[in-house]
């Protein structure tokens, strides 16, 4: 697994041992970033269920200003710190060890809201919908949420104030894009 483009391009990231983490494959990450490219420069990024940190680090590589990573696994937290060091991005990274929804309480919207929010939760457990409902206060009004999920999992077109604008399929993986519906 490597950083696909930007200032960290080609850097190989440490990957987990075993089957507890399912990193976003390079080709899916590359496709996602080609879609969201205009939103990345200067963005404040939140990477939920962060695993290796590949999505947030890819965003930093492509010009995002800062990234906050959240994962409940101590092994993933260690990997994120290692991978941030490999990219020499430690000063732009904050890592929170905790599970949702408790970890979201550490994110004070008065300190700035997030422009890009990635989530790659465990498949088939309804985490995308549950997590969307936690993001209202910490997401910028024009925030974009990018949610990876199994292609068999059908996500609703609306979830709270979030509206699905697009869904792309890459083999067994789908990626859905959500924006705030400010008219609600």
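In this note's numbering, the protein residues as written are 105 to 288.
Each residue gets a CB set at the ideal place from its N, CA and C atoms; glycine is no exception.
Less than 9 Å between the beta carbons of residue 284 and residue 247, yes or no? Taking the chain shown and counting its residues from 1, one reaches residue 284 at position 180. Taking the chain shown and counting its residues from 1, one reaches residue 247 at position 143. In contact: residue 284 and residue 247 (Cβ atoms closer than 9 Å).
Which class does residue 181 belong to by DSSP, given the choice of helix, strand or coil? Counting from one through the chain shown, the residue named residue 181 turns up at place 77. In the structure shown, residue 181 sits in a helix (DSSP, three-state: H, G or I).
Going by the CB atoms, is the gap between residue 234 and residue 260 shorter than 9 Å? On the chain shown, residue 260 is found 156 positions in, with the first residue counted as 1. On the chain shown, residue 234 is found 130 positions in, with the first residue counted as 1. No, Cβ-Cβ distance for residue 260 and residue 234 is not below 9 Å.
Per DSSP, which one or two residues make a beta bridge with residue 249? Against the chain shown, residue 249 aligns to sequence position 145. Answer is 221 and 282, bridged to residue 249.
Compute the distance between the beta-carbons of residue 115 and residue 130, then report whether it is under 9 Å. In the chain shown, residue 115 corresponds to position 11, counting from 1. In the chain shown, residue 130 corresponds to position 26, counting from 1. No, the Cβ-Cβ distance between residue 115 and residue 130 is not below 9 Å.
Would you tell me roughly how many angstroms separate the C-alpha atoms of residue 152 and residue 268, rounded to the nearest one? If you number the chain shown from 1, residue 152 lands on position 48. If you number the chain shown from 1, residue 268 lands on position 164. Distance between the alpha carbons of residue 152 and residue 268: 18 Å.
Please list the terminal residues of the continuous alpha helix (DSSP H) segment that includes residue 268. Taking the first residue of the chain shown as position 1, residue 268 is located at position 164. No alpha helix (DSSP H) contains residue 268, which is instead part of the beta strand (DSSP E) from 266-274.
Thinking C-beta only, is residue 157 closer than 9 Å to residue 208? Along the chain shown, read from residue 1 onward, the residue named residue 208 stands at position 104. Along the chain shown, read from residue 1 onward, the residue named residue 157 stands at position 53. Not closer than 9 Å, so no.
In this structure, what does DSSP give as the bridge partners for residue 173? In the chain shown, counting from the first residue as 1, residue 173 sits at position 69. Answer by DSSP bridge pairing, in chain order: 151 and 199.
Could you give the DSSP three-state label for residue 277: helix, strand or coil? Your numbering for residue 277 matches position 173 in the chain shown. Strand at residue 277.
Using alpha carbons as the reference points, say which of 177, 190, 182 and 176 lies closest to residue 165. Walking along the chain shown from the start, residue 165 turns up at place 61. With distances taken between Cα atoms, residue 165 lies closest to 190.
Would you call the CB atoms of residue 174 and residue 150 closer than 9 Å? Indexing the chain shown from 1 puts residue 174 at position 70. Indexing the chain shown from 1 puts residue 150 at position 46. Taking 9 Å as the Cβ cut-off, residue 174 and residue 150 qualify as a contacting pair.
How about residue 217 and residue 242: do their beta carbons lie closer than 9 Å? Here residue 217 refers to the residue found at position 113 of the chain shown. Here residue 242 refers to the residue found at position 138 of the chain shown. Result yes, Cβ atoms of residue 217 and residue 242 sit closer than 9 Å.
DSSP three-state call for residue 115: helix, strand or coil? Taking the first residue of the chain shown as position 1, residue 115 is located at position 11. DSSP places residue 115 in coil when its eight states are reduced to three.
C-beta atoms of residue 146 and residue 120 nearer than 9 Å: Sequence index remark: in the chain shown, residue 146 carries index 42 (1-based). Sequence index remark: in the chain shown, residue 120 carries index 16 (1-based). For residue 146 and residue 120, no; Cβs fall outside 9 Å.
Please work out which residues of its chain come closer than 7 Å, Cβ to Cβ, to residue 213, disregarding the five sequence neighbours upstream and downstream, and give them in chain order. The residue given as residue 213 occupies position 109 in the chain shown. Hits under 7 Å: 241 and 242.
Looking at the unbroken alpha helix (DSSP H) that takes in residue 235, where does it start and where does it end? Numbered from 1 along the chain shown, position 131 holds the residue referred to as residue 235. Element bounds for residue 235: 231-236.
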